[in-house]
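First up is the structure itself, then whatever we jot down about it.
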Amino acid sequence: MEKIDEKRLINKALSAMENAYVPYSHFPVGACAVTADGEEITGCNIENASYGLTLCAERVTLFKAYSEGKKDIVALAVAAKVDEPVSPCGACRQVILELAPKATVYLTNKDG
């Protein structure tokens, strides 16, 4: 596997953030995962009026990867429109631990 281009990964997460559906929180988050063979998978958070049905960007991205048979995740970047780097919630931390236990996780803010 080649070295991870973390700036590219972060930029992909920032771009994915633009697709977020956040009419309630107005808190867009984007994520980008990379597989061992260099394939990139992006996702964003998607809210619902029934807030418990909302999915965070990290889970959308990892579930999307797994649903496409991409299970060898080596890195994950997460970006949000905030001043400080965003930190995954407890549910996302659990999913990251289970589905991407060896992944390097990059957390960033709106400026990358």
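Numbering (the numbering used here), first residue to last: 1454 to 1565.
Note that the Cβ used here is the ideal one computed from N, Cα and C, for glycine as well.
Remember, it's a predicted structure, so these values are computed and weren't measured experimentally.
Remark: fewer than three beta-carbon pairs, one from each stretch, lie closer than 8 Å, so the segment 1491-1498 and the segment 1556-1563 are not flagged as touching. Beta-bridge analysis with DSSP links Cys1497 to Gly1483. In its chain, beyond the 5 residues on either side, Ile1457, Glu1459, Leu1462, Ala1486, Val1487, Ala1556, Thr1557, Val1558, Tyr1559 have a beta carbon closer than 8 Å to the beta carbon of Ala1528.
In the structure shown, Ile1549 falls within a helical segment according to DSSP collapsed to helix, strand and coil. For the pair of segments examined, the segment 1467-1484 was found to touch the segment 1495-1507: the number of CB pairs separated by less than 8 Å reaches three. Counted as a single uninterrupted DSSP element, the beta strand (DSSP E) harbouring Val1531 occupies residues 1526-1533.
For the set Ile1549, Ala1530, Cys1542, Leu1552, the Cα lying nearest the Cα of Thr1561 is the one of Ala1530. With respect to the 7 Å criterion, Glu1511 and Ala1484 are classified as neighbours on the basis of their beta carbons.
Lys1517 places its beta carbon less than 7 Å from that of Gly1496.
In this structure, the straight-line span from the alpha carbon of Lys1523 to that of Thr1514 is close to 11 Å. Counting along the chain, the unbroken alpha helix (DSSP H) around Leu1515 starts and ends at 1510-1520.
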